[in-house]
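**Student:** This structure is in structure tokens; I'll ask about it shortly.
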Amino acid sequence: MKILVYIQQDQGKINTVSLEALKGAQEIAAQTGGTISALSFNSDVTSQLAGYDLAEVLLAEDDKLNTFNPLFYLKALEDIAKAESPDIIVFGHSYEARDWAPRLSARLDIPLISDCIGFKKEDKLTFIRSIYQGKLNSDSVVNNGAFIVSFQSGAFRADGLQSGSAEIRNVTVDLSAVNDSISPEEKFQEAEQAVDLTQADVIVSVGRGIGKEENIAMVRELSKTLGGEIAASRPVVDAGWLESSRQVGSSGQTVSPKLYLALGISGAIQHVVGMKGSKNIVVINKDANAPLFEIADYGVVGDIFEIVPKLISGIQDSQ
Amino acid sequence: MKICVLIKQVPDKDSSLNIADDHLTLVENNITWVSNESDNYALEEALLLKEKHGGEVIACTLGKDSAKQVLKDALAKGADRGIFISDSSFENLDILSLGKVISSTLEKENFDLIMTGLQSDDQGNSQLGLILAELLNMSHGTLVMGTEIMGDSTIKVKKELEGGWFQWTKLSLPASISIQSGINSPRYATLKGIMMVKKKPVDEVTAGDVSFDALEPKVSINKIYVPDKTKETQFIEGSPEEISEKLVEIFKNDIKVLN
Chain L
1 MKILVYIQQD
11 QGKINTVSLE
21 ALKGAQEIAA
31 QTGGTISALS
41 FNSDVTSQLA
51 GYDLAEVLLA
61 EDDKLNTFNP
71 LFYLKALEDI
81 AKAESPDIIV
91 FGHSYEARDW
101 APRLSARLDI
111 PLISDCIGFK
121 KEDKLTFIRS
131 IYQGKLNSDS
141 VVNNGAFIVS
151 FQSGAFRADG
161 LQSGSAEIRN
171 VTVDLSAVND
181 SISPEEKFQE
191 AEQAVDLTQA
201 DVIVSVGRGI
211 GKEENIAMVR
221 ELSKTLGGEI
231 AASRPVVDAG
241 WLESSRQVGS
251 SGQTVSPKLY
261 LALGISGAIQ
271 HVVGMKGSKN
281 IVVINKDANA
291 PLFEIADYGV
301 VGDIFEIVPK
311 LISGIQDSQ
Chain P
1 MKICVLIKQV
11 PDKDSSLNIA
21 DDHLTLVENN
31 ITWVSNESDN
41 YALEEALLLK
51 EKHGGEVIAC
61 TLGKDSAKQV
71 LKDALAKGAD
81 RGIFISDSSF
91 ENLDILSLGK
101 VISSTLEKEN
111 FDLIMTGLQS
121 DDQGNSQLGL
131 ILAELLNMSH
141 GTLVMGTEIM
151 GDSTIKVKKE
161 LEGGWFQWTK
171 LSLPASISIQ
181 SGINSPRYAT
191 LKGIMMVKKK
201 PVDEVTAGDV
211 SFDALEPKVS
221 INKIYVPDKT
231 KETQFIEGSP
241 EEISEKLVEI
251 FKNDIKVLN
């Protein structure tokens, strides 16, 4: 079993989700007797990778690979996959990976099992995915041949990576025929992040269950009473009821407060990745099957419109 | 501008999902089916582009008979015609194989733009737009939060990156772009729009119409199941008053965020 892991980087800094995926590859290798090659387009990164327990580190350097452009990255990995014939190509499921890994699957004509949360070794390697917005899991197997897999943020712990000493080998790619039909401009930030949720001890977060904009006031009051910050899952921000700088999740902030009080949030995985590290998670939701209860320390199956006003007065009385 | 919007029918977010005895499918009779959320944003963006620059919007779905409803909804909102791809032999196909079915259907249309939602709220593969881009030799962009047409041959898209970063990217047409939710405010169908649906054509495509024959799934799902709980949850029950009292106690004594 030859495993090729693509390591994403930005100006020589390794993307954490890639390192977690590399740990996933080490676990697959341990259970299948496989060997791992880690690939980067940056020589600072390959020097760092050489300190891990890997069969080898591959370095493909080309000026056109210094910053991300999906068409150049695709051609590079196509060339490398053809030369190295890996059985599995592993990605971390980052936003960047979403912008080229599926196209690589079509180009190499091998399937991609995307956004996996883990794997298990049964008769075949079985990959676990979270489906229906986190409500269910599925077990997938590849019927035959090589494939690509991407692992979700947090699927493995990068601090568990086995260290070792790996040789770096240069590989060549030919990007001369790649067209310029995709041309990225400079990255930018929309505005200063108005709110730094990462510093808050208490976050009161609100989701789709709030129903309408007028109801936000009640949540704002609760967060004030608790001395915390108000935050939201994506649907609330998309509706324009709270500013985007208060969004928690994969496209917002990642937080770990002492108390994360989730009101009417079902727990889509895009939200969960931003708050699962919270010290205490309290979930109030009228749907007992809301996936967020799975990671709750305390759960209330109930109506936020009945409970929140009582909670506000209860806290005020206790002070 | 000839635009194709791909829309998937998925269970409503509030539907309770019960797994059937085969451990592979859902018990369907208590599911409310709706158009996938981010696909609604993709449709709206397509309609806005058409209103501004002229052209045609074609809605396309692949699914069971019931999925035809998402096309009717799209036609009612302003799409000009529909393409309905449906065949029982498509049901267990992996996303790459489905991409081949869809690309072989769309190929002859020579679309300038294919628009998809970011990902489906059921399987969440988040792959189809890019698979089609490769198979139909188009440029592509994902997680798009803004669009701007620049002349006849280029579209500029604002891509959402991680950690609050964005990036404008120029794409040569034809292009396949996947739309992030929140890009616009999807419209509702008007009564007039609903009346128009019957007059708008919907092409039906089955396995026999597809020039691609390898309908063997490359990936199989062995089972679906409710995830194991990773944490011991203490559930608090009672009247709203009792619940709030207990929570205040927990905030004070256990979590220590109140004095």
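Protein chains in written order, with the numbering used here: chain L, 1 to 319; chain P, 1 to 259.
Yeah, the Cβ is synthetic: ideal placement off N, Cα and C, and Gly gets one too.
Note that this is a predicted model, so its numbers are computed, not measured.
#1: Taking only beta-carbon atoms, is residue 218 of chain P less than 8 Å away from chain L?
#2: Does the beta-carbon of residue 41 of chain L have 16 or more other beta-carbons within 10 angstroms, so that it is buried, or is it exposed?
#3: Could you say which of L:104, L:72, L:221, L:49 lies nearest to residue 174 of chain L if we only look at CA atoms?
#4: Find the residues of chain P that neighbour residue 6 of chain L, judging by a C-beta separation of less than 9 Å, and give them in chain order.
#5: Spatial neighbours of residue 80 of chain L within its chain, please: C-beta separation below 8 Å, excluding the five flanking residues on both sides.
#6: Whole angstroms is fine: what's the gap from residue 250 of chain L's alpha carbon to residue 196 of chain L's?
#7: If I measure Cβ to Cβ from residue 65 of chain P and keep anything under 7 Å in the same chain, skipping five residues before and after, which residues do I get?
#8: Exposed or buried, which one is residue 27 of chain P when buried takes at least 16 other CB atoms within 10 Å?
#9: For a test of the three-state rule: what should DSSP assign to residue 246 of chain L, helix, strand or coil?
#10: In the stretch 85 to 122 of chain P, which residue ranges form an unbroken alpha helix (DSSP H) of at least 4 residues, counting only runs that do not cross its ends?
#11: Looking at the secondary structure, which residues open and close the beta strand (DSSP E) in which residue 35 of chain L lies?
#12: Is residue 39 of chain P close to chain L? Criterion is C-beta to C-beta, closer than 8 Å.
#13: Residues in the same chain with beta-carbon distance under 8 Å from residue 152 of chain P, minus the five sequence neighbours each way, listed in chain order, please.
#14: For the alpha helix (DSSP H) containing residue 115 of chain L, name the first residue and the last one.
#15: Please compile the residues from chain L whose C-beta is within a distance smaller than 8 Å of the C-beta of residue 90 of chain P.
#16: Along the stretch 238 to 250 of chain P, what residues have a CB closer than 7 Å to any CB found in chain L?
#17: Could you tell me whether any Cβ in chain P is nearer than 8 Å to the Cβ of residue 105 of chain L?
#18: Who are the near neighbours of residue 99 of chain L in its chain, counting only those whose CB is closer than 7 Å to its CB and skipping five residues on each side?
#19: Please name the residue or residues paired with residue 139 of chain L in a DSSP beta bridge.
#20: For the alpha helix (DSSP H) that residue 76 of chain L lies in, which residues bound it at each end?
#21: For residue 157 of chain L, decide whether its Cβ has a neighbour in chain P, counting only Cβ atoms nearer than 8 Å.
#22: Just to confirm before moving on: does the CB-CB distance between residue 266 of chain L and residue 287 of chain L stay below 8 Å?
#23: Just the C-alpha distance for residue 131 of chain L and residue 118 of chain P, rounded to the nearest angstrom, thanks.
#24: How about residue 122 of chain P and residue 11 of chain P: are their beta carbons less than 8 Å apart?
#25: Of the choices L:274, L:263, L:312, whose alpha-carbon is the least far from that of residue 301 of chain L?
#26: Am I right that residue 255 of chain L and residue 227 of chain L are in contact with their C-beta atoms under 8 Å? What's the rounded C-beta distance?
#27: Specify the secondary structure class of residue 17 of chain P as computed by DSSP and reduced to three states.
#28: Could you give the residue range of the beta strand (DSSP E) that holds residue 40 of chain P?
#29: On the DSSP bridge list, what partners appear for residue 74 of chain P?
#30: In chain order, what residues of the stretch 164 to 191 of chain P put their CB closer than 7 Å to some CB of chain L?
#31: Using a Cβ cut-off of 7 Å, pull out every chain L residue sitting near residue 134 of chain P, in sequence order please.
#32: Report yes if the CB atom of residue 114 of chain P is closer than 8 Å to the CB atom of residue 129 of chain P, and no otherwise.
#33: Ignore the nearest five residues each way along the sequence and tell me which others in residue 107 of chain P's own chain have a CB closer than 7 Å to its CB.
#34: Indicate whether residue 70 of chain P and residue 131 of chain P have their beta-carbon atoms separated by less than 8 Å.
#35: Could you confirm whether any beta carbon from chain P is found closer than 8 Å to the beta carbon of residue 86 of chain L?
#36: If the cut is a Cβ gap below 8 Å, which residues of chain P does residue 272 of chain L touch?
**Tutor:** Per the coordinate set shown:
#1: yes
#2: buried
#3: L:72
#4: Going along chain P, no residue has its Cβ under 9 Å from residue 6 of chain L, so there is no contact; the nearest lies around 16 Å.
#5: 4, 39, 58, 60, 171, 173
#6: 15 Å
#7: 86
#8: exposed
#9: helix
#10: 95 to 106
#11: 35 to 40
#12: no
#13: 173
#14: Looking at the DSSP string, residue 115 of chain L is not in any alpha helix (DSSP H); the run it does join, the beta strand (DSSP E), is 112 to 121.
#15: What residue 90 of chain P touches in chain L: nothing, since even the nearest Cβ is about 16 Å away.
#16: 240, 241, 243, 244, 245, 247, 248, 250
#17: yes
#18: 70
#19: L:128, P:223
#20: 70 to 84
#21: no
#22: yes
#23: 15 Å
#24: yes
#25: L:263
#26: So it is not a contact: roughly 16 Å between Cβ atoms.
#27: coil
#28: Where residue 40 of chain P is concerned, there is no enclosing beta strand (DSSP E), although the alpha helix (DSSP H) it sits in stretches over 37 to 53.
#29: Answer is none; residue 74 of chain P lacks a bridge partner.
#30: 164, 165, 166, 167, 168, 169, 170, 171, 172, 181, 182
#31: 103, 106, 107
#32: yes
#33: 136
#34: no
#35: no
#36: Near residue 272 of chain L there are no residues of chain P at all, since even the closest Cβ is about 11 Å away, more than 8 Å.
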